[in-house]
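What follows is one structure encoded as structure tokens, with my remarks underneath.
Residue numbers (the numbering used here): 92 to 554.
Written as structure tokens, this is what we have:
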């Protein structure tokens, strides 16, 4: 678009996370220059960065996320496959033990992308590095926001080289976006400028998890591409996901709640696997070759900062990604919300002539609604969960209905499709209360539950 003197010409994004990369792409269509400020040094190849410990663990790119990334970066999903990402049809390729039993492998309705977090990050970053409108300022950290004299707008960021203690530099900008993650300092910065602090909501199930990458023996996994074992507290609070990624490797992520979290030592990790609800994962990995150390992760609380409800909000400023709303990573929705945020930001800037303000913050906050409802709704069902969510855990009737819905979905393709649509963020959770779904749920399962993994593949969908 052509810019006038009154339109913003320079933007700064704090943080090179996927959320930061996606909003940088959106901003580039509305300003002359976008600068991404990142504390880390970016690797030249797909490799885990020290500042992204979550990258060692499972990353899931559901349908809504694939669609959003392909709109921001046309052909990106195909490029991931060119670099070895694995196609996994769902539910056909999935051995899924829900809280109520094994789920049938119905004909595919969605497809997952099996790729490591570092591969996804690298492919996206390469697209931005090729864009002359975008530059990266690595090895620097933002230490504050710059403001106009009236404290009505953010006008840039104060920054310094990472590890430095003296000499703060100014980076002036018309638009500033904080995508610095869970450790964002924006609440302090806004308070220092006189805006106050946002209300914060936290829902913590006490989940801890640990991951390791493997190479499986030949022939193992030929009949499936994903094993998902859900926990069933209080009887068994342990869960696991085994998923393929590029270069013929697999990621095993174990999760546990409360005092029963997976250890990161060799013997303890394997013993935890033995204690899962099914022995199938242990049978798969006992002869597998480890491809790296075991990595633990404990920072899994759902955490939302309600910036959109603050009494005052500065012009030219936006908070996105985990800096505004972070989910329990086990549900695999963070990357999707990051990509959707980039799309929504682009639409807002087109509609509002490149202006950021309260309306933009409200718009991007709505991107998190479905993922937040899914994650907190699931976590609130666990007895270990604590937090200050504004709603109660839900009535006994609603819990009964969702349990029954899961049980019916195990053997009913229509209800399973509704469940899968919600989990892939293409439909809201209210989909589970549509008349057709409710009728089948109230009628109950029409076939007995599966007591063993469905190891025979069903035929792919016609066409």
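The C-beta atom is built at its ideal place from N, Cα and C for all residues, glycine as well.
Tell me which residues share the same chain as residue 146 and place their Cβ nearer than 8 Å to its Cβ, disregarding the 5 neighbours each side in the sequence. 139, 140, 207, 208, 209, 212
Inter-residue Cα distance where the pair is residue 497 and residue 298: If you draw a straight line from the Cα of residue 497 to the Cα of residue 298, it comes to about 21 Å.
Given residue 339, which residues of its chain have a CB within under 7 Å of its CB, disregarding the five upstream and five downstream residues? Within the same chain, Cβ atoms closer than 7 Å to the Cβ of residue 339 are found at 306, the five residues on either side in sequence being excluded.
Can you list, in chain order, the stretches of the alpha helix (DSSP H) that have 4 or more residues and sit fully within the region 390 to 426? none
I'd like the ranges of any alpha helix (DSSP H) spanning at least 4 consecutive residues and lying wholly in the region 283 to 307. Inside the region 283 to 307, DSSP marks no whole alpha helix (DSSP H) run of 4 or more residues.
Near residue 174, what residues of its chain come up, given a Cβ to Cβ distance below 7 Å and the 5 sequence neighbours on each side ignored? The answer, listed in chain order, is 210, 214, 337.
Opening and closing residue of the alpha helix (DSSP H) in which residue 220 lies: 208 to 220
Based on Cα-Cα distance, which residue from 200, 188, 165, 150 lies nearest to residue 513? 200
Inter-residue CB distance, residue 264 and residue 283 (contact presumed, cutoff 8 Å): Not confirmed; about 18 Å, so no contact.
Decide if residue 463 is buried, meaning its Cβ has at least 16 other Cβ atoms within 10 Å, or exposed. buried
Completely contained alpha helix (DSSP H) runs for the region 148 to 178, where each covers 4 or more residues: 154 to 163, 167 to 173
Straight-line CA distance for residue 459 to residue 268? 17 Å
Can the beta-carbon of residue 185 be found closer than 8 Å to that of residue 320? no
At least 3 beta-carbon pairs within less than 8 Å: the region 410 to 427 vs the region 272 to 283: Note that the region 410 to 427 touches the region 272 to 283; at least 3 beta-carbon pairs, one per stretch, sit closer than 8 Å.
With residue 536 and residue 499 assumed to form a contact (beta carbons below 8 Å), what rounded beta-carbon distance in angstroms separates them? Taking C-beta atoms under 8 Å as the contact rule, residue 536 and residue 499 qualify, at a distance of about 5 Å.
Straight-line CA distance for residue 353 to residue 177? 27 Å
The region 189 to 205 / the region 231 to 244 touching (three or more Cβ pairs under 8 Å): no
Do you know whose CA, among 395, 311, 325, lies nearest residue 371's CA? 311
Would you call the region 323 to 330 and the region 341 to 361 in contact, with 3 or more CB pairs under 8 Å? yes
Please return the same chain residues whose Cβ sits closer than 6 Å to the Cβ of residue 379, not counting the five positions on each side in sequence. 305, 307
For residue 389, which residues from the same chain have a beta carbon less than 7 Å from its beta carbon, with the 5 sequence-adjacent residues on both sides left out? 299
Can you tell me the Cβ-Cβ gap for residue 203 and residue 153, rounded? I've got them flagged as a contact below 8 Å. 7 Å
Candidates 295, 403, 143, 137, of which the one nearest residue 391 by Cα: 295
Verify whether the separation of the beta carbon atoms of residue 427 and residue 516 is less than 8 Å. yes
Using DSSP with H/G/I as helix, E/B as strand and the rest coil, what is residue 495? helix
What would DSSP say about residue 279, mapped onto helix, strand or coil? Reduced to three states, the DSSP call for residue 279 is helix.
One question on the structure: do residue 419 and residue 470 come within less than 8 Å of each other, judged by their Cβ atoms? yes
Nearest candidate by alpha-carbon position, reference residue 345, set 270, 303, 375, 314: 303
Indicate the three-state DSSP secondary structure (helix, strand or coil) for residue 225 in the structure shown. strand
Going by the CB atoms, is the gap between residue 205 and residue 244 shorter than 8 Å? no
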